[in-house]
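**Q**
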Amino acid sequence: MKRSVAATLAAALLACGAASAQTTVKEAWIRGTVAQQKATGLFAQITSVQGGRLVGASSPVAGVVEIHEMAMDGNVMKMRALPDGLALPAGKPVELKPGGYHVMLLDLKQALEPGSTVPVTLVFEGADKKRDSVELQVPVKALNAAAKPAMQHSGH
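In mature numbering (1 follows the signal peptide of the UniProt record, and there is no 0), the protein residues as written are -21 to -1, 1 to 135.
(1) Using a Cβ-Cβ cut-off of 8 Å (strictly less than) and excluding sequence neighbours within five positions of proline 68, which residues of its own chain qualify?
(2) With a Cβ-Cβ cutoff of 8 Å, do valine 40 and leucine 101 count as a contact?
(3) Looking only at its chain, what residues have a beta carbon closer than 6 Å to the beta carbon of glycine 78, apart from the 5 residues adjacent to it on each side?
(4) Does proline 62 come out as helix, strand or coil in the three-state DSSP assignment?
(5) By Cβ distance below 6 Å, which residues in the same chain neighbour alanine 121 in space, the five residues on each side in sequence not counted?
(6) Considering only residues of the segment 30 to 64, which uninterrupted alpha helix (DSSP H) runs meet the minimum length of 4 residues and lie entirely inside it, listed in chain order?
(7) What does a CB cutoff of less than 6 Å around glutamate 74 pick up in its chain, not counting 5 residues either side in sequence?
(8) Beta strand (DSSP E) containing glycine 20: first to last residue?
(9) Between Phe103, Ala7 and Thr19, which lies nearest to glutamine 89 when the distance is taken from Cα to Cα?
(10) Give me the residue from Val119, Glu104, Asp111 and Val13 with the minimum Cα distance to alanine 66.
(11) Leucine 85 and valine 119 - do their beta-carbons sit closer together than 8 Å?
(12) Alpha carbon to alpha carbon, how far is asparagine 123 from glycine 53?
(13) So, helix, strand or coil for leucine 91, using DSSP?
(14) Alpha carbon to alpha carbon, how far is methionine 58 from glycine 70?
(15) Would you identify the three-state DSSP class for lysine 5, choosing helix, strand or coil?
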């Protein structure tokens, strides 16, 4: 039986994730930018096996990276940073999406072109207060993107 390289890599990632991962990041993407734009969002689906929090993030393309929430305040949509991070209930996926929770990349050092990838590190804190980092290579999608790409990564 012949397997494609992509299928083999996907199977290896899934096997690794199931065996040792406490937190899984799936379908991550970043919205592309135009020249002079200094901020954009990262969106993904995050699942923590034992529960915990997304407490930080960083990327070499941004001066500041924050965890944000967009929510209605009366009739006004407001965005705010979550200084204590984002709760990840045990075993339940948390969706980072436009108009909701997301990771905000601020003070961008360059335009982010659709089709490129951006290195991002997410920092998680488990129920035991231990911190763990997950390194991602996140694809950049067009400004009007709302679809989820088939990108997956598992961390410890």
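Each residue gets a CB set at the ideal place from its N, CA and C atoms; glycine is no exception.
**A** Let me lay it out:
(1) Ser27 and Gly30
(2) no
(3) Met49
(4) coil
(5) Gly11 and Pro93
(6) none
(7) Counting only residues of its own chain and dropping the five nearest sequence neighbours on each side, glutamate 74 has a CB closer than 6 Å to the CB of Gln24.
(8) 18 to 27
(9) The shortest Cα separation from glutamine 89 among Phe103, Ala7 and Thr19 belongs to Thr19.
(10) That would be Glu104, whose Cα lies nearest to the Cα of alanine 66.
(11) no
(12) 26 Å
(13) coil
(14) 27 Å
(15) strand
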